[in-house]
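As given, the protein sequences belong to chains S and E, one line each in that order. What the first sequence shows, in this note's numbering, is residues 4 to 181, in sequence order. What the second sequence shows, in this note's numbering, is residues 63 to 218, in sequence order. Report on the following structure.
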Amino acid sequence: MVIYSFYIFDRHTECIYSKLWLPPSAAAAAAPATPATANIVTGDGAGSVTLAPRGGPHNTDRRSVKVKASDDAKLIFGTVFSLRNMVRKLGGDDDAFISYRTGQYKLHYYETASSLRFVMLTDTTTLSMRSVLHQIYINLWVEYVVKNPLAPVEHKGGDGVKNELFELGLDQFVRGLM
Amino acid sequence: MTVFALIIINKAGGLIYNKTFYEAGLNKISTNDYLVLAGTFHGVHAITSRLNPVKNPANRASASAGGMLTRPDPPSGLEVLESENFRLQCFTTLTGVKFLLFTDTTQANVDQTIRRVYDMYSDYVMKNPFYQLEMPIRCDMYDRKLLSYIREINNR
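Pasting the structure below:
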């Protein structure tokens with residue numbers, strides 16, 4: 004099982020957290036001397052985007068990588084939003100969109116009652132990751148973000164999500180699965 | 063084991079065929095909503111093929127084992143969508159026509175079913191001299207053959 008990336012969207016359709024776990028071959032091709040994890044929190048503007056792997060000879064590529072990542076998040080939200088509405092129209096209001104698969108990857112979706120949306124991209128052979136996304140919500144999001152007294156109510160631009168415990172917990176949890 | 067419905071979308075995203083086989087499977091929606099759904103799906107399908115997280119490195123050795131130059135397969139769009147109440151299988155032909163088959167979540171061998179539906183499309187629609195390309199499919203023969211084939215599956 005390979006997990007490619009993970010996104011959280013809030014109820015205002017904004018991407019408040021995103022994390023990529025690049026496969027070793029792609030990471031090696033993109034940046035030879037940097038760790039395999041690129042960590043991106045996308046905001047509403049281009050300026051609030053940060054990328055973890057710094058330095059290296061590929062500084063010129065970083066800008067395009069950043070733009071690509073925030074564009075991807077928007078495309079993913081659009082896709083997920085359309086498919087969710089389609090599913091609810093055809094399957095009734097109690098129906099829920101679970102996942103879709105293409106020839107190259109599989110996208111898993113989980114929505115909480117507060118319309119927080121968790122999206123995960125994995126390889127095509129992975130079975131349903133709905134319970135995993137639910138676990139992330141319960142054990143990481145609620146514990147480290149919601150119960151954090153310093154975290155704001157609305158996570159505009161990813162405020163309060165990108166804290167050390169959540170990051171570490173998520174990374175360990177996902178690496179444990181792979 | 064039930065096949066709920068079939069939708070055929072032409073290469074421009076227009077709805078050209080729409081048939082329900084099992085009434086209790088999906089919600090009833092108006093013809094207009096079906097047209098919107100077909101257009102939406104066409105767009106989403108194009109986006110999903112662009113979202114490929116596995117990047118092909120540009121300098122990847124294109125020579126395979128036999129020294130033949132090979133081109134990687136173009137990224138495919140959405141193939142299977144799963145929800146709590148149904149499963150949607152999408153088959154895109156080389157000419158860009160999309161066959162969407164809605165089944166229940168436990169249906170097996172949908173690949174073969176959808177292939178057979180495509181075979182029948184090529185036999186009874188494309189070989190019909192009165193059928194105009196890209197236009198809604200109104201072929202009695204296709205309707206009849208499709209219905210008897212799907213009924214056979216649903217009664218299995």
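For each residue, glycine too, the CB sits at the ideal point set by N, CA and C.
Residue state for E/Q151 is assigned as strand, using DSSP reduced to three classes.
Under a criterion of Cβ atoms nearer than 9 Å, the residues of chain E adjacent to S/F100 are, in order, L143, E144, S145 and E146. In this structure, E/V106 lies away from S/S8, with their beta-carbon atoms at least 8 Å apart. The beta carbon of E/C201 sits closer than 7 Å to the beta carbons of Y186, V187, N190 and Y193 from its chain, once the five residues preceding and following it are set aside; these are given in chain order.
Residues T125, D126, T128, T129, L180 and M181 of the same chain have their beta carbon placed closer than 8 Å to that of S/M4, with the five preceding and five following residues left out of the count.
When C-beta distances to chain S are compared with 8 Å, the residues of the region 90-105 of chain E below that value are I91, D95, L99, T102, F103 and G105, in chain order. Apart from sequence neighbours up to five positions away, the residues of its chain that approach E/L68 with a beta-carbon distance below 6 Å are K81 and L163, ordered along the chain. Going by beta carbons, E/N72 and E/V179 fall outside the 8 Å limit. Put simply, the CB of S/V148 is far from chain E, with every gap to its CB atoms at 8 Å or more.
Interface flag for S/K77 against chain E is unset, since no Cβ pair is found closer than 8 Å. Close partners of S/S8 in chain E (Cβ separation under 7 Å): P115. In terms of Cβ geometry, S/S117 and S/R14 form a close pair [threshold 8 Å]. For secondary structure counted as the alpha helix (DSSP H) over 4 or more consecutive residues, the region 86-158 of chain S holds these complete runs in sequence order: 133-138. E/E141 sits buried, since 16 or more C-beta atoms from the chains shown fall within 10 Å of its C-beta. For the pair of segments examined, the region 134-148 of chain E was found to touch the region 104-112 of chain S: the number of CB pairs separated by less than 8 Å reaches three.
E/I70 and S/V135 have their C-alpha atoms spaced approximately 35 Å apart. Within 10 angstroms of the beta-carbon of S/D75 lie 16 or more other beta-carbons, which makes it buried. For E/I69, the uninterrupted beta strand (DSSP E) run begins and ends at V65 to I71, by DSSP.
Residue environment analysis places S/V149 among the exposed positions, since fewer than 16 neighbouring C-beta atoms fall within 10 angstroms of its C-beta. Listed along the chain, the chain S residues whose CB falls inside 8 Å of the CB of E/I212 amount to none; the nearest CB is some 18 Å away. Restricting attention to beta strand (DSSP E) runs no shorter than 3 residues, the region 140-186 of chain E encloses them at 142-145, 149-154 and 160-165, ordered along the chain. Across the region 81-110 of chain S, CB contacts with chain E closer than 7 Å involve G81, T82, S85, L86, M89, V90, K92, L93, G94, G95, D98, A99, F100, I101, S102, Y103, R104, T105, G106, Q107 and Y108, in sequence order along the chain. Between the beta-carbon of S/V164 and that of S/I19 there is about 5 Å, and that keeps the pair under the 8 Å contact cut. The three-state reading of DSSP puts E/T82 in strand, counting E and B together. For E/Y211, the uninterrupted alpha helix (DSSP H) run begins and ends at D202 to N216, by DSSP.
In the structure shown, S/F80 adopts helical secondary structure according to DSSP, grouped into three states.
For a cut-off of 8 Å, the C-beta gap from E/T168 to E/M63 is around 7 Å, short enough to register as a contact. Where S/I6 is concerned, the enclosing beta strand (DSSP E) starts and stops at I6 to F12. Chain E places a beta carbon closer than 8 Å to that of S/L124, counting this residue as a contact.
By the neighbour-count definition (other C-beta atoms within 10 Å, threshold 16), S/K22 is a buried residue.
Here E/N216 is near E/Y84, since their CB atoms are less than 8 Å apart. Within the region 129-140 of chain E, the residues whose Cβ lies closer than 8 Å to some Cβ of chain S are D135, P137, S138, G139 and L140, listed in chain order.
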